[in-house]
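> My questions will all concern the structure given below.
Residue numbers (our numbering): 2 to 118.
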């Protein structure tokens, strides 16, 4: 089995996590509503992240994301300093501006907590 890799690149400051409870809900005709937690992993967690810098900083991030291809999990320490397993789907890479050191890029991606047994 391949060893689990760790994502260690620092995102831009100000990342806001989204935490959403996973619930089952049934609504009856008389107005009664019943809600319960759904499963043992009853909270979704996601972090939209932004990385900015020259290509030599952004290129290894692009390579890491392509290597994991949207479905392979990796370890990452979120801004709350909690180590966990995450997945990353689609990402956006935008050339921003050029300076004396060359062109800069902005990469945006969302990490989603991966629940494994």
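Beta carbons: idealized from backbone N, C-alpha and C, even for Gly.
This one's a predicted model, so the numbers in the text were calculated from it and none came from an experiment.
(1) Let me know the beta strand (DSSP E) ranges lying completely inside the stretch 66 to 92, each 3 residues or longer, listed in chain order.
(2) Using a 10 Å radius around the Cβ and a threshold of 16 neighbouring Cβ atoms, would you call residue 50 buried or exposed?
(3) Give me the DSSP bridge partner(s) of residue 30.
(4) Under 8 Å from any heavy atom of the ligand SAM, does the C-beta of residue 50 make it?
(5) Which residue wins for smallest C-alpha separation from residue 18, given the options 80, 103, 99?
(6) Leaving out five residues before and five after residue 26 in sequence, what residues of the same chain have Cβ atoms less than 6 Å from its Cβ?
(7) Output the distance between the C-alpha atoms of residue 107 and residue 46, rounded to the nearest integer angstrom.
(8) From which residue to which residue does the beta strand (DSSP E) around residue 1 run?
With the given structure in hand:
(1) Here the runs fully enclosed are 75 to 78.
(2) Per the 10 Å Cβ criterion, buried.
(3) Residue 30 is bridged by DSSP to nothing; it lacks a bridge partner.
(4) With respect to the ligand SAM, the structure offers nothing, as it holds no ligand at all.
(5) Considering only alpha carbons, the answer is 80.
(6) Closer than 6 Å at Cβ, skipping near neighbours: 36.
(7) Residue 107 and residue 46: Cα-Cα distance of roughly 23 Å.
(8) Nothing about residue 1 can be read from this structure; the chain reaches only from 2 to 118.
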